[in-house]
Amino acid sequence: MQPAAPQSPASVDELLERARSLAGRPLGWVAERLSVPVPVDLRRSKGWVGQLLERYLGASAGSRPEPDFPHLGIELKSVPVDRSGRPRESTYVCTAPLDGSLAGTWQDSWVRRKLRCVLWLPVVGEAPVAIAERLVGGALLWSPSPEDEAQLRDDWQELAELIQTGDLRRLDAHTGEVLQLRPKAASSKALTWMLDADANWIQVNPRGFYLRRSFTTHLLARHLRLPGS
DNA sequence: AACTGATCATGT
DNA sequence: ACATGATCAGTT
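According to this note's numbering, the stretch in the first sequence is residues 6 to 234, in order.
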């Protein structure tokens with residue numbers, strides 16, 4: 006993707022207005038306005054949808070460890086959903102520091118900071134629907150409810166303990182009700198350092214924090230209009 | 001069908 | 001190597 010970046014929205018309202026104006030638009034329409042070619046499939050373009058929408062909405066480009074809209078403190082997440090609005094995939098949150106640099110408390114964690122304010126943008130359609138024909142859904146500006154935050158905090162604390170104690174047996178995607186750890190790397194051969202249970206430095210596959218599908222399903226369902234309402 | 005582990009592209 | 005953006009694809 007290369008064309009000029011639209012100007013960044015000056016306010017939350019402006020961002021929301023632009024995001025909501027996309028509701029019902031096919032991705033092909035967005036791509037055409039940005040003069041971006043649409044891939045035939047996403048196998049070699051896994052981040053394409055998110056990057057397209059970022060660009061259209063004027064998010065600051067690049068992969069800096071900042072919110073997509075730094076001046077607004079808002080993170081943009083596109084999420085693939087089925088036609089009932091249910092997410093088809095889990096949602097990546099951030100890297101899990103395995104090297105001892107993990108925050109000591111939930112309050113100071115990157116997970117909490119990343120999820121403080123998220124603009125969810127559902128994208129409806131899956132194979133065999135062509136990428137260009139998939140539709141942008143209704144944008145949702147979300148911050149965790151007290152209940153959401155309690156669930157996230159509990160899981161984060163459990164996962165943080167696994168990391169801090171080097172409990173490799175449970176350092177996998179099975180742990181956590183709403184938040185989980187999954188591989189996050191170029192391949193299973195990529196390695197990073199961590200301290201194991203016996204305090205020896207070992208090399209392991211890097212992990213990231215992800216939101217389980219059940220969590221995003223519920224958070225979208227609480228806010229989306231259902232047919233007939 | 002849903003889940004976990006593996007993977008792809010691009011920029012810092 | 002790590003951060004961003006995620007989806008793929010094999011297994012359960």
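Ideal Cβ positions, reconstructed from N, Cα and C, are used throughout, including at glycine.
For W53, count neighbouring Cβ atoms within 10 angstroms of its own Cβ and tell me buried if that reaches 16, exposed if not. Reading the first sequence from its first residue, position 48 is the one you call residue 53. When all chains shown are included, W53 counts as buried.
Span of the beta strand (DSSP E), counted from its first residue to its last, around A226: Your numbering for residue 226 matches position 221 in the first sequence. No beta strand (DSSP E) contains A226, which is instead part of the alpha helix (DSSP H) from R218 to A226.
With DSSP collapsed to three states, give me the class of V35. To locate residue 35, count along the first sequence from 1; it is residue 30. Three-state DSSP puts V35 in a helix.
Output needed for D87: all residues of its chain with C-beta closer than 8 Å, excluding positions within five of it in sequence on either side, in chain order. Residue numbering aside, residue 87 sits at position 82 when the first sequence is read from its first letter. Hits under 8 Å: R93, V129 and E131.
Hey, how far is the Cα of Q12 from the Cα of E59? Your numbering for residue 12 matches position 7 in the first sequence. Your numbering for residue 59 matches position 54 in the first sequence. Taking the straight line from one Cα to the other gives about 11 Å.
Give the list of continuous beta strand (DSSP E) stretches no shorter than 3 residues that lie fully inside the stretch 75 to 143. 80 to 86, 96 to 101 and 123 to 129
If we count the other Cβ atoms within 10 Å of its Cβ and call it buried at 16 or more, is S114 buried or exposed? The sequence position of residue 114 within the first sequence is 109, counting from 1. Under this definition S114 is a buried residue.
If A101 and I168 are in contact, beta carbons under 8 Å, what's the gap, nearest whole angstrom? Counted from its first residue, the first sequence places residue 101 at position 96. Counted from its first residue, the first sequence places residue 168 at position 163. Under the criterion of beta carbons closer than 8 Å, A101 and I168 qualify as touching, at roughly 7 Å.
For K82, is the classification buried or exposed, using 16 other Cβ atoms within 10 angstroms of its Cβ as the cut-off for buried? Residue mapping note: residue 82 aligns to position 77 of the first sequence, counting from 1. Buried, since its Cβ has 16 or more Cβ neighbours within 10 Å.
Give me the residue from P211, I136 and D203 with the minimum Cα distance to R48. Here residue 48 refers to the residue found at position 43 of the first sequence. Among P211, I136 and D203, the Cα nearest to that of R48 is on I136.
Other residues of its chain near R218: CB distance less than 6 Å, five sequence neighbours each side excluded: Counted from its first residue, the first sequence places residue 218 at position 213. Answer for R218: P92 and S95, listed in chain order.
Would you decide whether G55 is buried or exposed? Buried here means 16 or more other CB atoms lie within 10 Å of its CB. Mapped onto the first sequence, residue 55 falls at position 50. So G55 counts as buried.
Would you report the Cα separation of V188 and P211, rounded to the nearest angstrom? By 1-based counting over the first sequence, the position of residue 188 is 183. By 1-based counting over the first sequence, the position of residue 211 is 206. It is Pro, not Val, that sits at residue 188 in the sequence shown. Distance between the alpha carbons of P188 and P211 is about 6 Å.
Is R227 a contact residue of the ligand HEM, with contact defined as CB to any heavy atom under 8 Å? The ligand HEM is not part of this structure, which contains no ligands at all.
One question on the structure: do L200 and L184 come within less than 9 Å of each other, judged by their Cβ atoms? Taking the first residue of the first sequence as 1, we reach residue 200 at position 195. Taking the first residue of the first sequence as 1, we reach residue 184 at position 179. For L200 and L184, no; Cβs fall outside 9 Å.
Does DSSP put P188 in a helix, a strand or coil? Translated into the one-based positions of the first sequence, residue 188 becomes position 183. Looking at P188 - three-state DSSP - the assignment turns out to be strand.
If you run the structure through DSSP and keep just helix, strand and coil, what is R158? Translated into positions along the first sequence, residue 158 becomes position 153. Three-state DSSP puts R158 in a helix.
G78 and C122 look like a contact to me (Cβ under 8 Å); what is the Cβ gap, rounded to whole Å? Translated into the one-based positions of the first sequence, residue 78 becomes position 73. Translated into the one-based positions of the first sequence, residue 122 becomes position 117. Right, the Cβ-Cβ distance comes to about 6 Å (below 8 Å), so this counts as a contact.
Is it right to say D104 is buried, meaning 16 or more other beta carbons lie within 10 angstroms of its own, or is it exposed? Along the first sequence, one-based indexing puts residue 104 at 99. Result: exposed.
Distance, Cα to Cα, W198 vs L21? Here residue 198 corresponds to residue number 193 of the first sequence, with the count starting at 1. Here residue 21 corresponds to residue number 16 of the first sequence, with the count starting at 1. Taking the straight line joining both Cα atoms gives about 41 Å.
Anyone know if the C-beta pair for L236 and A144 falls short of 9 Å? The requested residue 236 is not part of the displayed model; the chain covers only 6 to 234.
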